[in-house]
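*Asks:* Here it is, the structure in full.
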Amino acid sequence: MKFFVDTAQADDIRELNDYGLLDGVTTNPSLIAKSGRDFKTVVGEICAIVDGPVSAEVAALDFDSMLREAHTLAAIADNVVVKLPLTLDGLKACRRLSGAGINTNVTLCFSANQALLAAKAGATYVSPFIGRLDDINLDGMALINEMRAIYDNYDFSTQILAASIRNANHVKDAALAGADVATIPPAVIRGLVSHILTDKGLDQFIRDWQATGQSI
Ligand code: G3P
419 MKFFVDTAQA
429 DDIRELNDYG
439 LLDGVTTNPS
449 LIAKSGRDFK
459 TVVGEICAIV
469 DGPVSAEVAA
479 LDFDSMLREA
489 HTLAAIADNV
499 VVKLPLTLDG
509 LKACRRLSGA
519 GINTNVTLCF
529 SANQALLAAK
539 AGATYVSPFI
549 GRLDDINLDG
559 MALINEMRAI
569 YDNYDFSTQI
579 LAASIRNANH
589 VKDAALAGAD
599 VATIPPAVIR
609 GLVSHILTDK
619 GLDQFIRDWQ
629 ATGQSI
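In the numbering used here, each number is its position in the sequence shown, counted from 1, plus 418.
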């Protein structure tokens with residue numbers, strides 16, 4: 419499973435990229451607002467840090483304006499992926515952009531039928547929002563399982579990009595369900611490495627090593 423980081427903070431992206439842990443980045447209007455910075459400048463900066471795909475979302479709701487914004491975003495860098503909402507106009511824009519060779523990420527997916535439509539529209543990625551389904555007592559991971567089965571049934575090449583990931587169990591369960599990608603907040607990525615027995619074992623090894631008086 420590929421790891422994307424779900425943030426617009428360049429420092430976090432740089433750090434995680436340096437660890438060799440990043441396959442790409444996703445942003446959304448809320449993350450851009452949180453950064454307090456100019457959208458196109460931030461996207462350009464992120465695209466210069468990572469080689470992999472960087473999702474940048476249109477703000478328009480109608481087809482013509484979406485297409486115009488999509489072309490503006492795609493012109494920022496070769497690795498921009500245009501993020502489009504899962505609406506009829508968004509799907510129409512997805513079909514048009516896919517035909518023009520522009521990569522797309524259809525976002526705000528909450529049902530298997532929506533995911534089926536996005537794949538039929540030629541989406542490169544579809545983003546099911548796991549955490550937001552769990553928030554309203556639905557089963558986010560069940561959606562990933564349904565999408566995997568449907569895409570495999572029909573050999574869709576659209577990649578399942580598990581989004582709205584809130585914790586380490588979401589990451590593990592998305593991987594078990596066969597998601598192609600998970601987009602994960604920086605803190606959750608860092609947290610994946612932690613285990614109390616790793617810390618305890620390392621502490622013991624260091625103390626025993628120091629007792630030998632040797633150096634390497
Ligand atoms: O970027 C889309 C998605 O990952 C947002 O997550 O936590 O705002 O539901 P969240």
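Yeah, the Cβ is synthetic: ideal placement off N, Cα and C, and Gly gets one too.
Using a Cβ-based criterion (distance less than 7 Å to any ligand heavy atom), does Phe-528 qualify as near the ligand G3P?
*Replies:* For the purposes of this step, residue 528 is taken as the residue at position 110 of the sequence shown. Because no heavy atom of the ligand G3P lies under 7 Å away, the Cβ of Phe-528 does not count as near it: no.
*Asks:* Less than 8 Å between the C-beta atoms of Thr-425 and Pro-546, yes or no?
*Replies:* Residue mapping note: residue 425 aligns to position 7 of the sequence shown, counting from 1. Residue mapping note: residue 546 aligns to position 128 of the sequence shown, counting from 1. Going by C-beta atoms, Thr-425 is not nearer than 8 Å to Pro-546.
*Asks:* Using the Cβ count rule (16 or more neighbours within 10 Å means buried), how would you classify Gln-532?
*Replies:* Against the sequence shown, residue 532 aligns to sequence position 114. With 16 or more other Cβ atoms within 10 Å, it is buried.
*Asks:* Can you give me the Cβ contacts of Lys-510 inside the same chain, cut-off strictly under 7 Å, excluding the 5 residues immediately before and after it?
*Replies:* For this step, residue 510 is matched to residue 92 along the sequence shown. Cβ within range, chain order: Phe-481.
*Asks:* Could you give the C-beta distance for Gly-470 and Asn-446, rounded to a whole number, given that I count them as a contact under 8 Å?
*Replies:* Taking the sequence shown and counting its residues from 1, one reaches residue 470 at position 52. Taking the sequence shown and counting its residues from 1, one reaches residue 446 at position 28. The Cβ separation is near 17 Å, so there is no contact.
*Asks:* Short check: CB of Thr-505 to CB of Ser-473, under 8 Å?
*Replies:* Here the question's residue 505 lines up with position 87 in the sequence shown. Here the question's residue 473 lines up with position 55 in the sequence shown. Taking 8 Å as the Cβ cut-off, Thr-505 and Ser-473 do not qualify as a contacting pair.
*Asks:* What is the rounded straight-line gap between the Cα of Ile-624 and the Cα of Ile-614?
*Replies:* One-based indexing of the sequence shown puts residue 624 at position 206. One-based indexing of the sequence shown puts residue 614 at position 196. In a straight line, the C-alpha of Ile-624 is about 15 Å away from that of Ile-614.
*Asks:* Does the stretch 485 to 492 come within contact of the stretch 555 to 572, defined as at least 3 CB pairs closer than 8 Å?
*Replies:* The stretch 485 to 492 vs the stretch 555 to 572: no contact.
*Asks:* Alpha carbons only, please: which of Ile-520, Ile-607, Glu-433 and Ile-568 is nearest the one belonging to Ala-595?
*Replies:* For this step, residue 595 is matched to residue 177 along the sequence shown. Nearest option by C-alpha distance: Ile-568.
*Asks:* What separation, rounded to the nearest whole angstrom, lies between the Cα atoms of Asn-585 and Thr-525?
*Replies:* Stepping through the sequence shown from its first residue, residue 585 is reached at position 167. Stepping through the sequence shown from its first residue, residue 525 is reached at position 107. Approximately 20 Å, taken between the alpha carbons.
*Asks:* Quick one: is Thr-542 buried, meaning 16 or more other Cβ sit within 10 Å of its Cβ, or exposed?
*Replies:* Reading the sequence shown from its first residue, position 124 is the one you call residue 542. Its Cβ being crowded by 16 or more others within 10 Å, Thr-542 is buried.
*Asks:* DSSP beta-bridge partners for Tyr-543?
*Replies:* Translated into positions along the sequence shown, residue 543 becomes position 125. Asn-523 and Gln-577.
*Asks:* Can you give me the start and stop residues for the alpha helix (DSSP H) that Asp-424 sits inside?
*Replies:* Taking the first residue of the sequence shown as 1, we reach residue 424 at position 6. Unbroken run through Asp-424 is the beta strand (DSSP E), 420 to 424; no alpha helix (DSSP H).
*Asks:* Using the Cα positions of Thr-522 and Lys-452, report the straight-line distance between them to the nearest angstrom.
*Replies:* One-based indexing of the sequence shown puts residue 522 at position 104. One-based indexing of the sequence shown puts residue 452 at position 34. Cα-Cα distance, rounded: 23 Å.
*Asks:* From the DSSP output, in three-state form, read off Pro-604 for me.
*Replies:* As a working mapping, residue 604 is identified with position 186 in the sequence shown. The answer is helix: DSSP assigns Pro-604 an H, G or I state.
*Asks:* Smallest Cα separation from Gly-519: which of Asp-573, Val-499 and Glu-463?
*Replies:* Indexing the sequence shown from 1 puts residue 519 at position 101. For the residues Asp-573, Val-499 and Glu-463, the minimum Cα distance to Gly-519 belongs to Val-499.
*Asks:* Could you tell me which of Ala-581, Ile-634 and Asn-563 sits nearest to Ala-530, measuring between CA atoms?
*Replies:* The residue labelled residue 530 in the question sits at position 112 within the sequence shown. Checking every option, the nearest Cα to that of Ala-530 belongs to Asn-563.
*Asks:* Can you give me the start and stop residues for the alpha helix (DSSP H) that Asp-558 sits inside?
*Replies:* Counted from its first residue, the sequence shown places residue 558 at position 140. The displayed chain sequence assigns Gly, not Asp, to residue 558. That run of the alpha helix (DSSP H) goes 558 to 571.
*Asks:* So, Val-544 versus Leu-579, is the Cβ gap smaller than 8 Å?
*Replies:* By 1-based counting over the sequence shown, the position of residue 544 is 126. By 1-based counting over the sequence shown, the position of residue 579 is 161. Contact flag set, yes.
*Asks:* Should Asp-496 be counted as a contact of the ligand G3P given a C-beta to heavy atom distance under 7 Å?
*Replies:* Stepping through the sequence shown from its first residue, residue 496 is reached at position 78. No - the ligand G3P has no heavy atom lying nearer than 7 Å to the Cβ of Asp-496.
*Asks:* From which residue to which residue does the alpha helix (DSSP H) around Ser-483 run?
*Replies:* For the purposes of this step, residue 483 is taken as residue 65 along the sequence shown, with counting starting at 1. Taken as a continuous stretch (DSSP letters only), the alpha helix (DSSP H) holding Ser-483 covers 481 to 492.
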